[in-house]
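Numbering (the working numbering), first residue to last: 173 to 999.
Heads up, the beta-carbon is just placed ideally off N, CA and C, and yes, glycines get one too.
Owing to the predicted nature of the structure, the values given are computational and were not obtained by experimental measurement.
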Amino acid sequence: MTWDRKSNMADRYNPPEIEVKWQQKWAEDRLYEVTEDSKKPKYYALTMFPYTSGDLHIGHWYNYVPPDVRGRFKRMQGFNVLHPIGFDAFGLPAENAAIKRGIHPFTWTMQNIENMRCQLQSIGAIYDWNREINTCLPKYYKWTQWFFLKLYERDLAYRAKAPVNWCPSCQTVLANEQVVDGACERCGTPATHKDLEQWLFRITRYADELMQHEGIDWPERIKIMQRNWVGKSTGAYISFGLDHPGVEEKEIRIFTTRPDTTFGVTFMVLAPEHPLVAKLTTPDRRAEVEIYVERSRRQTEIERLSTEKEKDGVFTGAYVTNRLNGEKVPVWIADYVLASYGTGAVMAVPAHDERDFAFAKKYDLPIRLVIAPPGWQGEELKEAYIEEGVMVNSAQFNGTPSQHGIGAVSDFLAEKGWGGRAVTYRLRDWIISRQRYWGAPIPMIYCEKCGTVPVPEKDLPVMLPEDAEFKPTGESPLKYNEKFINTTCPKCGGPAKRETDTIDGFLDNSWYYFRYCSPQESKAPFDKQAVKYWMPIDLYTGGAEHAVGHLMYSRFISKVARDIGLVDFDEPFARLFNQGIIIREHQKMSKSKGNVINPDEYVAKLGADTMRVYLMFLGPWEQGGDWSDTGISGASRWLNRVWNLALEPYSRKAGGDKSVQEAARAELLRTIHQTIRKVTEDLERLRFNTMIAALMEFTNYLTGVSEARLVSASEWKGAVACLLLLMAPSVPHLTEELWARAGHKYSIHNQKWPEWDAALAKEEEITLVVQVNGKLRDRITVSASITETEAKKEAMSSEKVRVHLEGKTVVKEIYVPGKLVNIVVRE
RNA sequence: GCCGGGGUGGCGGAACUGGCAGACGCAGCGGACUUAAAAUCCGCCGGAGCAAUCCUUGAGGGUUCGAGUCCCUCCCCCGGCACCA
Numbered sequence: 173m174t175w176d177r178k179s180n181m182a183d184r185y186n187p188p189e190i191e192v193k194w195q196q197k198w199a200e201d202r203l204y205e206v207t208e209d210s211k212k213p214k215y216y217a218l219t220m221f222p223y224t225s226g227d228l229h230i231g232h233w234y235n236y237v238p239p240d241v242r243g244r245f246k247r248m249q250g251f252n253v254l255h256p257i258g259f260d261a262f263g264l265p266a267e268n269a270a271i272k273r274g275i276h277p278f279t280w281t282m283q284n285i286e287n288m289r290c291q292l293q294s295i296g297a298i299y300d301w302n303r304e305i306n307t308c309l310p311k312y313y314k315w316t317q318w319f320f321l322k323l324y325e326r327d328l329a330y331r332a333k334a335p336v337n338w339c340p341s342c343q344t345v346l347a348n349e350q351v352v353d354g355a356c357e358r359c360g361t362p363a364t365h366k367d368l369e370q371w372l373f374r375i376t377r378y379a380d381e382l383m384q385h386e387g388i389d390w391p392e393r394i395k396i397m398q399r400n401w402v403g404k405s406t407g408a409y410i411s412f413g414l415d416h417p418g419v420e421e422k423e424i425r426i427f428t429t430r431p432d433t434t435f436g437v438t439f440m441v442l443a444p445e446h447p448l449v450a451k452l453t454t455p456d457r458r459a460e461v462e463i464y465v466e467r468s469r470r471q472t473e474i475e476r477l478s479t480e481k482e483k484d485g486v487f488t489g490a491y492v493t494n495r496l497n498g499e500k501v502p503v504w505i506a507d508y509v510l511a512s513y514g515t516g517a518v519m520a521v522p523a524h525d526e527r528d529f530a531f532a533k534k535y536d537l538p539i540r541l542v543i544a545p546p547g548w549q550g551e552e553l554k555e556a557y558i559e560e561g562v563m564v565n566s567a568q569f570n571g572t573p574s575q576h577g578i579g580a581v582s583d584f585l586a587e588k589g590w591g592g593r594a595v596t597y598r599l600r601d602w603i604i605s606r607q608r609y610w611g612a613p614i615p616m617i618y619c620e621k622c623g624t625v626p627v628p629e630k631d632l633p634v635m636l637p638e639d640a641e642f643k644p645t646g647e648s649p650l651k652y653n654e655k656f657i658n659t660t661c662p663k664c665g666g667p668a669k670r671e672t673d674t675i676d677g678f679l680d681n682s683w684y685y686f687r688y689c690s691p692q693e694s695k696a697p698f699d700k701q702a703v704k705y706w707m708p709i710d711l712y713t714g715g716a717e718h719a720v721g722h723l724m725y726s727r728f729i730s731k732v733a734r735d736i737g738l739v740d741f742d743e744p745f746a747r748l749f750n751q752g753i754i755i756r757e758h759q760k761m762s763k764s765k766g767n768v769i770n771p772d773e774y775v776a777k778l779g780a781d782t783m784r785v786y787l788m789f790l791g792p793w794e795q796g797g798d799w800s801d802t803g804i805s806g807a808s809r810w811l812n813r814v815w816n817l818a819l820e821p822y823s824r825k826a827g828g829d830k831s832v833q834e835a836a837r838a839e840l841l842r843t844i845h846q847t848i849r850k851v852t853e854d855l856e857r858l859r860f861n862t863m864i865a866a867l868m869e870f871t872n873y874l875t876g877v878s879e880a881r882l883v884s885a886s887e888w889k890g891a892v893a894c895l896l897l898l899m900a901p902s903v904p905h906l907t908e909e910l911w912a913r914a915g916h917k918y919s920i921h922n923q924k925w926p927e928w929d930a931a932l933a934k935e936e937e938i939t940l941v942v943q944v945n946g947k948l949r950d951r952i953t954v955s956a957s958i959t960e961t962e963a964k965k966e967a968m969s970s971e972k973v974r975v976h977l978e979g980k981t982v983v984k985e986i987y988v989p990g991k992l993v994n995i996v997v998r999e
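Here you go:
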């Protein structure tokens with residue numbers, strides 16, 4: 173009467189009930205608390221912590237479940253696993269909420285954390301909540317400020333007037349990474365430019381090192397993105413002679429990657445912001461130049477960066493001398509030349525540069541060919557020739573191949589003192605200032621007498637004042653907070669003013685992974701010994717969108733930490749893995765589309781275990797997945813089947829044939845060991861989807877075993893135990909419950925991970941495929957130890973194969989051990 | 001434009017270093033149980049064909065005994081960069 177038992181309410185799989193029960197028990201028993209333990213190998217698995225937006229969405233689950241599964245797996249394998257969580261709590265949305273809804277950013281953030289902590293707990297992960305960190309608390313940001321001071325000490329922090337990306341709506345500076353398609357990342361307003369006094373970090377000093385990714389296991393595309401972002405170019409600086417009435421500068425320096433084309437220069441172009449523009453412009457050109465400069469300044473990123481836009485510019489009236497040939501060429505300004513790259517000035521060689529070519533055509537400037545294409549007969553160019561060739565019209569360099577000419581011309585310039593070999597980078601220094609309230613105050617003081625003075629370490633943290641008035645304009649409340657601004661100079665004791673800019677949130681999260689190692693440390697940002705034990709991170713996971721922002725800043729800060737002797741490694745993230753994005757019915761999930769999945773509802777209905785399984789099962793983790801409401805029932809059904817299977821009473825069928833029983837036992841053992849191997853290997857390779865599929869297959873197989881009732885009761889019990897152990901990392905609550913009900917020792921999560929025996933996993937019989945001319949004709953079951961001769965003989969004797977051999981001659985027989993026999997025939 | 005990643009049933013996806021294409025699951029269809037439905041269980045499930053068999057991994061070509069997998073040409077989708085001199 174099986175229906176009787178299954179309809180019994182007490183025995184039905186009830187996820188919410190058992191999940192809450194075990195989560196409480198684990199917390200009481202401090203099952204997942206971790207401490208440094210030199211006896212065990214360590215494993216630091218970190219997932220990028222969430223910003224405190226208020227709600228955990230399905231994407232968070234998708235990011236957090238697989239690393240937890242992997243961490244649990246490593247734990248069972250005997251590793252001491254650190255898999256912490258915390259909150260990235262400073263940022264603009266908190267302040268926007270303050271402006272819009274009159275709620276203080278601190279209150280807003282802490283409420284969100286409260287909520288998110290509960291949601292995170294519902295995942296059932298191995299987070300050690302004693303190690304939770306929160307970047308907006310003074311005990312954390314004290315050390316963010318400390319890092320600022322350390323960088324200042326080493327001349328890696330400086331203040332400068334810099335042209336910056338500016339969001340007119342948020343009233344704040346945007347880092348390059350915060351400008352997406354020319355618009356503000358947060359509010360979508362087109363970004364403009366502005367000159368402001370800013371604090372910057374000299375990340376460019378580490379440019380070369382940041383391009384190196386030696387010894388770290390990172391996705392190729394992220395490494396490429398970082399290399400492109402640093403954008404190293406090798407070429408030369410060249411000075412052009414300047415003799416202009418009323419201008420003391422006697423030269424203008426440019427950067428080029430093609431010094432071999434210098435004899436082809438027919439004009440020079442300066443960025444509109446170039447400091448010499450105003451001085452050089454002749455009175456007759458002034459009006460036009462000023463209009464152009466003003467226009468480019470006002471233009472948004474989008475307008476200015478549009479590649480579709482036709483290149484335009486204006487003549488300044490000034491000339492410079494190309495010292496290589498003594499020629500005078502006109503100086504123009506154009507906004508296709510960027511002030512922030514190289515020297516903000518370029519030599520224009522229209523014959524060998526597409527942009528210069530277009531510009532020359534538009535304004536009817538001369539085009540002089542100096543690199544001859546192969547087979548060139550002196551004809552005019554229809555477009556710029558940017559390939560290699562032989563130098564012509566280049567005085568003593570005529571006949572030199574252009575690749576060689578690059579070095580030769582550079583060295584000649586160096587000899588003459590007119591320039592020389594040079595390297596430039598696309599990477600700019602990191603603007604750390606934010607004209608905002610909700611961030612760590614920059615620990616700097618301005619004194620009339622002593623100038624810029626750093627806050628002494630003993631005075632840290634510089635507390636963010638609680639009282640703040642949030643203006644709808646978005647201006648920083650700190651600017652108007654007299655109590656905050658007015659202070660005394662640490663040097664002379666006289667009256668002084670505090671810096672009112674706050675620190676970019678990217679600094680908060682560029683060192684948080686250190687803090688997890690010793691989150692309670694109060695005398696330093698982290699305990700050196702703890703960091704020595706845990707770091708570097710064995711597996712860092714998160715979205716690919718952080719490729720050039722967070723990941724570069726973290727590497728930079730980590731390298732600085734190394735250079736001040738805090739740590740002894742070069743790279744913080746030994747292995748990086750980017751998961752994909754979860755979508756729904758082929759569309760991105762977004763609030764505006766109203767197609768977002770609320771994980772809490774599914775947890776309440778189907779349980780966290782089901783969610784965990786489904787998210788892993790969707791597809792390869794790195795490719796993301798397509799959420800479907802019906803699809804999740806597959807995961808739910810599977811767990812129900814496991815539940816029933818594990819609780820079903822089992823006994824061997826009486827009076828069975830011994831040899832049949834023995835065969836069943838051997839097959840069971842083989843399947844168990846094959847499954848252990850498959851699941852272990854998939855977890856090592858982060859192939860969660862196929863791991864779940866293997867566990868489902870194993871469950872299906874065990875269903876058959878349970879019906880056949882050929883193996884002994886203890887063999888059956890062992891098989892179920894193995895299934896539970898293999899499922900434990902993925903399905904922590906259900907397996908714990910069934911483990912307990914089976915009478916095993918608590919906790920399943922403290923058990924050893926099963927190991928496979930290759931000998932036991934080996935198949936005794938295999939299916940050999942028989943092909944004729946590469947076409948499948950038959951499958952034959954043979955012993956795994958079959959010899960080549962036997963295999964070929966068996967294949968030839970197959971009826972289905974013979975039909976295809978009639979009247980033909982066998983040319984060749986191909987044998988792939990354990991796979992196939994292919995008989996090649998001819999008419 | 002340049003640099004990555006991808007295109008396999010109705011759908012999500014499997015397929016180790018070239019060797020049974022479609023594992024596992026969803027949806028669908030048929031059946032069992034039920035007064036009925038849900039749940040559950042069993043079976044079928046790429047296309048054409050009565051069948052033998054043939055066709056089928058974005059398109060076309062090539063290498064090979066054998067190609068989803070390797071090479072060439074092209075198309076489409078996703079992500080990043082985009083006047084960097």
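- In this chain, the beta strand (DSSP E) harbouring leucine 414 covers 404 to 414.
- DSSP places glycine 890 in the uninterrupted alpha helix (DSSP H) bounded by 885 to 899.
- Judged by DSSP in its simplified three-state form, phenylalanine 487 adopts strand.
- C-alpha of valine 703 to C-alpha of phenylalanine 686: approximately 6 angstroms in a straight line.
- The way I'd put it, the segment 208 to 222 doesn't touch the segment 801 to 816; fewer than three beta-carbon pairs between them come closer than 8 angstroms.
- In this structure, DSSP gives proline 431 a helical state, which the three-state scheme calls helix.
- Taking the CA atoms as reference points, arginine 289 sits about 13 angstroms from proline 256.
- A contact is defined here as three or more CB-CB pairs under 8 angstroms, and the segment 757 to 764 fails this definition with respect to the segment 774 to 785.
- Taking C-beta separations shorter than 7 angstroms and ignoring five residues to either side along the sequence, the partners of glycine 577 in its chain run Asp432, Met563, Phe569, following chain order.
- DSSP places glutamate 421 outside both helix and strand once states are collapsed to three, so it counts as coil.
- When C-beta atoms of the segment 207 to 219 are compared with those of the segment 239 to 255, three or more pairs fall below 8 angstroms, so the two segments count as touching.
- In the DSSP assignment, isoleucine 755 is bridged to Asp798.
- In the same chain as proline 545, and ignoring 5 residues on each side of it, the C-beta atoms closer than 6 angstroms to its own belong to Tyr557, Gly561, in chain order.
- For tryptophan 928, the closest alpha carbon among the candidates Ile844, Leu897, Leu948 is that of Ile844.
- Counting every other CB atom within 10 Å of its CB across the protein chains shown gives aspartate 536 a total below 16, marking it as exposed.
- Here the segment 499 to 515 makes contact with the segment 440 to 452; the two share three or more CB pairs at distances below 8 angstroms.
- Take the alpha-carbon of valine 501 and the one of arginine 374: they are about 36 angstroms apart.
- Beta-bridge partners of serine 955 (DSSP): Glu937.
- About 6 angstroms separates the beta carbon of arginine 727 from that of leucine 382, a gap short enough to meet the 8 angstroms contact definition.
- By the Cβ neighbour-count rule, cysteine 894 is buried, with 16 or more other Cβ atoms within 10 Å of its own.
- Contact between the segment 408 to 417 and the segment 586 to 603 is established, with three or more Cβ pairs separated by less than 8 angstroms.
- In this structure, the straight-line span from the alpha carbon of tryptophan 318 to that of aspartate 680 is close to 11 angstroms.
- Rounded to the nearest whole angstrom, the CA to CA distance from tyrosine 786 to isoleucine 804 is 6 angstroms.
- The C-alpha of glutamate 773 is placed about 20 angstroms away from the C-alpha of serine 902.
- For the options Gly263, Gly876, Leu711, Gln196, the alpha carbon positioned closest to that of serine 648 is the one of Gly263.
- Annotation: the continuous alpha helix (DSSP H) that includes glutamate 654 extends over 654 to 657.
- Taking all protein chains shown into account, proline 615 has 16 or more neighbouring C-beta atoms within 10 Å of its C-beta and is therefore buried.
- Here leucine 203 is not bridged, per DSSP, to any residue.
- The beta carbons of proline 744 and proline 708 sit closer together than 8 angstroms.
- The distance from the Cβ of asparagine 861 to that of leucine 910 is about 23 angstroms, inconsistent with a contact at the 8 angstroms cut-off.
- Under the three-state reduction of DSSP output, phenylalanine 870 falls in the helix class.
- With respect to valine 973, isoleucine 995 sits close: the two C-beta atoms are nearer than 8 angstroms.
- Contact annotation: leucine 898 and leucine 867 have beta-carbon atoms nearer than 8 angstroms.
- As the crow flies, the alpha-carbon of valine 595 is around 7 angstroms from that of lysine 404.
- For proline 335, no alpha helix (DSSP H) run applies; the uninterrupted beta strand (DSSP E) run containing it begins and ends at 329 to 339, by DSSP.
- Our two residues, asparagine 287 and isoleucine 305, have alpha carbons roughly 15 angstroms apart in a direct line.
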